[in-house]
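**Student:** Below is one structure. I have some questions about it.
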């Protein structure tokens, strides 16, 4: 065999060896990508099955605007199909976004965030739809622990509570809201509902047992509530009308001298009603970020020690 033939055989062997190594590397990379994609789809599918809300924030430097609160309806290679119970302008299309959501697990909730892009918007005045780019990966985000306080009764002017159904459209104005299931105003002979404590991520409502041996409301973990809390801002001495929706995360019976049902709610949406208006402009609440006006109020109560700090 000539030197040229030996050279060609060696070169061919080298090329075959390189091709083999490349194929193995490509197969491993594809396997890793499939595993990562499978993990992303599994977590998103779990959140979808649990009817979790997805909090979408525009990720553009210098741009500040309220986020979108969306429900995930379908997942495929083309994108995440979502519905927003509001009108979404087309200027969201093509913009980079950060998306926050959670899943509920036996050991407790896990909070996730991912970077994505809005691929398509279909605006509608009641239910806009959008397509969000499938994320390459999910990041686990730790939930913040917010200070909880027990406001003084004099700080609360009104409490109203309405039951909600899962997926129910949020009211866009106060005239769409009927009579509350129960409410409280100072001076009432009894106190069918009180704010047990409140933080930037949620509040606990106390429902004392009445003469009939039952509280004014009986709901279990997972139920949804619409609430109105009108509180006095200590620094301005002006009442703030705070509307919120929340999911009952825990329920307990206080068997003390004054037996009561205590329901712990996690905020899902919130709004502060402007004075002289009836329109409600909702903002989705991220469990990791909390509600800004309530965080400010709790901070004031903490600083002035005008509310009882709950550890």
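Residue numbers (the numbering used here): 30 to 340.
Glycine residues also receive a C-beta, built at the ideal position from the N, C-alpha and C atoms.
Taking 8 Å as the limit between beta carbons, can you name the residues of its chain near residue 192, skipping five residues before and five after?
**Tutor:** 210, 246, 248, 252, 253, 254 and 255
**Student:** Let me check understanding here. Comparing Cα to Cα, which of 293, 310, 292 and 291 lies closest to residue 299?
**Tutor:** 310
**Student:** Pull up the CB-CB distance for residue 117 and residue 157, whole angstroms please, since I reckon it's below 8 Å.
**Tutor:** 4 Å
**Student:** Expressed to the nearest angstrom, what Euclidean distance is found between the alpha-carbon atoms of residue 284 and residue 290?
**Tutor:** 9 Å
**Student:** Taking the straight line between their C-alpha atoms, what separation do you get for residue 312 and residue 133?
**Tutor:** 22 Å
**Student:** Kindly identify the DSSP beta-bridge partner or partners of residue 88.
**Tutor:** Its beta-bridge partners do not exist; DSSP assigns none.
**Student:** If contacts are defined as beta-carbon pairs under 8 Å, then residue 327 and residue 187 qualify, I think. What distance do you get, rounded to the angstrom?
**Tutor:** 19 Å between Cβ atoms; not a contact.
**Student:** Within 10 angstroms of its Cβ, does residue 233 collect 16 or more other Cβ (buried), or is it exposed?
**Tutor:** buried
**Student:** According to the neighbour-count rule (16 or more other Cβ atoms, all chains shown, within 10 Å of its Cβ), is residue 330 buried or exposed?
**Tutor:** When all chains shown are included, residue 330 counts as buried.
**Student:** Can you give me the C-alpha to C-alpha distance between residue 250 and residue 279, rounded to a whole angstrom?
**Tutor:** C-alpha separation (whole angstroms): 6 Å.
**Student:** Could you check if residue 160 belongs to the surroundings of the ligand MG, using beta carbon to heavy atom distance under 8 Å?
**Tutor:** The ligand MG is absent from the structure shown, which contains no ligand whatsoever.
**Student:** Under 7 Å Cβ to Cβ from residue 101, same chain only, skipping five residues before and after it: list those, please.
**Tutor:** Only 73, 76, 77, 83, 109 and 111 meet the Cβ criterion.
**Student:** Which residues in the same chain have their Cβ closer than 8 Å to the Cβ of residue 204, if we skip the five residues on either side of it in sequence?
**Tutor:** 307
**Student:** From residue 261 to residue 162, what does the alpha carbon distance come to, in whole angstroms?
**Tutor:** Rounded to whole angstroms, the gap between the alpha carbons of residue 261 and residue 162 is 43 Å.
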